Amino acid sequence: MIDLPPTLSRRSVPRHLLTLDHKPSTTGIVHLGLGNFHRAHQAVYTARAGDWGILGVASRSASVADALNDQDGLYSVLELSPDGSSISVPGVHTGAIVAAHDPAAVVAAIAAEDTRIVSLTVTEHGYCMDPSSHRLALNHPGIVGDLESSTPVTVIGQIARALEHRATTHRRPITVLSCDNMQSNGTQTRGLILEFLQAANSRAVDWVAEHVTFPNSMVDRIVPATTEAYRATAYELLGIDDRSPVPAEPFTMWVMEDRFAAGRPAWERAGAVFSDEVEAYELIKLRLLNGTHSLIAYLGALDGRATIPESRAQDFIEYAARAVLEDEYLPSIALPHGFDVEAYVESLFQRWSNGALGHRTQQVGTDGSVKLPQRVPQPALRLLDQGVMPEHLALTIAAWLCCVVPLPGFDPGPHAHAMVDPARSRLGELAATAGSRVDLVRKACAEVFPTELAESNEFVQRIAEYVAVICTDGVRAAARKAARS
Ligand code: CS2
């Protein structure tokens, strides 16, 4: 007989590794987006805060939800750094469901009387937002369908219908907490939900506006995708087979507004910060970390680098990263009171050097068409208005385009090919019909960025020049050009 390794459960897990040592007695939180980020971030804070259970909702894939249900709601978080690794098991999920299999169950869970918070990590893509106007994309096929349907399939439709249900039945208040990397994520989510309800001619609009809160939040932790290698490390550390471990860096940060309509876990016990300056923290995160991260990922992928630490170790990438961060992103931010920006910037470069984590360029480069609009346009427009050309922001967009748009005679390499982007096919169509490289860049910018950016001839021209240099002389030559300018 073969001895199978024990599977993860409340009975098999070593007690000292469990953050919450008992199954939560209630489910106060419904969380949409059961990906790795939520499981290594909010779930860890919640487990440390006490007895608040989370029902996890996966959008499509059943693998994580099945693993959690088969493992008593458990999975492990594998913390990796050059100084060593450690493992813990949050133990805060009371169950998991898959939205695509049962959208009505998602609406029912959010509408339930005991649910006090609905939180989201559904990525920028999940909000069905028009990139230029930042309003609900009323022509999005999912939204069009959801406006007619009582079993909505989009996240915005599901939350809106559930709030409508609350408004017309028990009327208990609730908080909608976006934990996605978007500027003013709470305010934007509120706008999208209210627009949906208005478009649906719902009578719940006023109730939602008055009784549901949407705090803004800034979330931060580098959390790669799970691979077989991470599973093997988790097995070594746990001695138990976990079907769904999550790798993460040691650093973690969460800053949010304290506006919860129906109570909240004591997240401050786990180090979360409640602040009235969240929007400033969001800008620091979105621009200094995420914006620079994008540039490192695209330059790295085009240079044949599989991971962020390998990319960041190239002198030309380190130079470009410091230039974009210090000269182009930083001046666009009013720092929060008492914030030590030098220490923050140095900690970023250390975090990006974490070779034990091996965060992939392909992962950071994925979804550029929905991530970059949150990172690049405002700092770029600000400098353009002052008559300054944001060279490294132009390089960021050029490098992204070279990764995801088919350009004649240019092969961006395997890491760029592996990047997933919802705009890939549309950008391919534009490339096939564009009259010139500048025309292609202008149309691509008009497709994903606010109109003002695509209308800046100078900026579009400069992006096209960088695209040309990357295609003919390579990414290092393009970075040299940006450094000289
Ligand atoms: C990254 C983020 O994929 C990306 O675009 O910049 O996922 C980043 O790792 C996290 O936001 C860190 O908190």
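For reference, each letter of the sequence shown is one residue, going 1 to 485 in UniProt numbering. Beta carbons are placed, not taken as given, at the ideal position from N, Cα and C, and that holds for glycine. Only a predicted model underlies this, so the values are computations on that prediction, with no experimental measurement involved.
Quiz item: In terms of alpha-carbon separation, which member of Leu-401, Tyr-298, Arg-305 and Ala-43 lies closest to Cys-179?
Solution: Ala-43
Practice problem: Run through the segment 25–85 for me and flag every whole beta strand (DSSP E) of 3 or more residues, listed as ranges in chain order. | Solution: 27–32, 53–58 and 77–81
Self-check item: Within 8 Å, strictly: CB atoms of Gln-188 and His-134
Solution: The Cβ-Cβ distance between Gln-188 and His-134 falls below 8 Å.
Quiz item: Who are the Cβ neighbours of Leu-197 in its own chain at under 7 Å, not counting the five residues just before and after it?
Solution: Taking Leu-197 as the centre and dropping the five residues before and after it, the same chain places the C-beta of Ala-160, Glu-164, Ala-204, Val-205 and Val-208 closer than 7 Å to its C-beta, in chain order.
Self-check item: C-alpha distance - Val-64 paired with Asn-216, whole-angstrom precision
Solution: If you draw a straight line from the Cα of Val-64 to the Cα of Asn-216, it comes to about 27 Å.
Self-check item: Residues bridged to Leu-136 (per DSSP)
Solution: Met-129
Self-check item: Beta-carbon gap between Ile-308 and Cys-402 smaller than 8 Å
Solution: no
Quiz item: How would you write the range of the alpha helix (DSSP H) that Val-89 sits in, first residue to last?
Solution: That residue, Val-89, is in no alpha helix (DSSP H); it is neither H nor E in DSSP.
Quiz item: Where does the unbroken beta strand (DSSP E) through Gly-95 begin, and where does it stop?
Solution: That run of the beta strand (DSSP E) goes 93–98.
Quiz item: Between the segment 302–316 and the segment 406–420, do at least 3 Cβ pairs fall closer than 8 Å?
Solution: yes
Quiz item: Nearest-angstrom Cα distance between Gly-191 and Ile-240?
Solution: 45 Å
Self-check item: Cα-Cα separation between Lys-285 and Gln-314, rounded to whole angstroms
Solution: 23 Å
Exercise. Decide if Pro-94 is buried, meaning its Cβ has at least 16 other Cβ atoms within 10 Å, or exposed.
Key: For clarity, residue 94 is Thr in the given sequence; the question names Pro instead. Flag for Thr-94 reads buried.
Quiz item: Does DSSP classify Ser-217 as helix, strand or coil?
Solution: Secondary structure of Ser-217 (DSSP, three-state): strand.
Quiz item: Between the segment 261–278 and the segment 44–60, are three or more C-beta pairs nearer than 8 Å?
Solution: yes
Exercise. Counting only runs of 3+ residues fully inside the segment 133–212, write out the beta strand (DSSP E) ranges in chain order.
Key: You should have 174–178.
Quiz item: Between the Cα of Leu-55 and the Cα atoms of Asp-114, Ala-232 and Trp-352, which residue gives the shortest distance?
Solution: Asp-114
Quiz prompt | Span of the alpha helix (DSSP H), counted from its first residue to its last, around residue 529 | solution = What is shown of the chain runs 1 to 485, which leaves residue 529 out entirely.
Self-check item: Closer than 7 Å: Val-364 CB and nearest the ligand CS2 heavy atom
Solution: yes
Quiz item: Near Ala-199, which residues of its chain fall below 7 Å by C-beta distance, leaving aside the five closest residues on each side in sequence?
Solution: Here the set comprises Leu-138 and Leu-147.
Quiz item: Who does Thr-7 pair with in a DSSP beta bridge?
Solution: Asp-241
Quiz item: In angstroms, rounded to a whole number, what distance separates the CA positions of Glu-458 and Val-324?
Solution: 18 Å
Quiz item: Given a threshold of 16 other Cβ atoms within 10 Å of its Cβ, counted over all protein chains shown, does Gln-386 qualify as buried or as exposed?
Solution: exposed
Quiz item: How big is the Cα-Cα spacing for Arg-39 and Leu-440?
Solution: Going by the C-alpha atoms only, they are around 40 Å apart.
Self-check item: Unbroken alpha helix (DSSP H) run spanning Ala-104, endpoints
Solution: The continuous alpha helix (DSSP H) containing Ala-104 extends over residues 103–111.
Exercise. Give the DSSP-derived three-state secondary structure of Thr-396 in the structure shown.
Key: Helix, per DSSP.
Quiz prompt | In chain order, each alpha helix (DSSP H) run of at least 4 residues that lies wholly inside the segment 240–285 | solution = 278–283
Exercise. Please name the residue, chosen from Phe-37, Ser-425 and Ala-479, that lies closest to Val-77 on a Cα-to-Cα basis.
Key: Phe-37
Quiz item: Relative to the alpha-carbon of Gln-183, which residue among Glu-79, Gly-291, Arg-437 and Ala-399 has its alpha-carbon at the smallest distance?
Solution: Gly-291
Quiz item: If we count Cβ pairs, one from each stretch, closer than 8 Å, do we get three or more for the segment 215–232 versus the segment 246–262?
Solution: yes
Exercise. Check whether the Cβ of Asp-241 lies closer than 7 Å to any heavy atom of the ligand CS2, and answer yes or no.
Key: no
Quiz item: Hey, is Leu-194 close to the ligand CS2, as in C-beta under 7 Å from one of its heavy atoms?
Solution: no
Quiz item: What separation, rounded to the nearest whole angstrom, lies between the Cα atoms of Asp-51 and Leu-32?
Solution: 19 Å
Quiz item: Going by other Cβ atoms of all chains shown within 10 Å of its Cβ, with 16 needed for buried, is Asp-242 buried or exposed?
Solution: buried
Quiz item: Using a threshold of 7 Å, is the CB atom of Asn-181 nearer than that to any non-hydrogen atom of the ligand CS2?
Solution: yes
Self-check item: Distance between beta carbons of Met-389 and Arg-462, contact taken as under 8 Å
Solution: 6 Å
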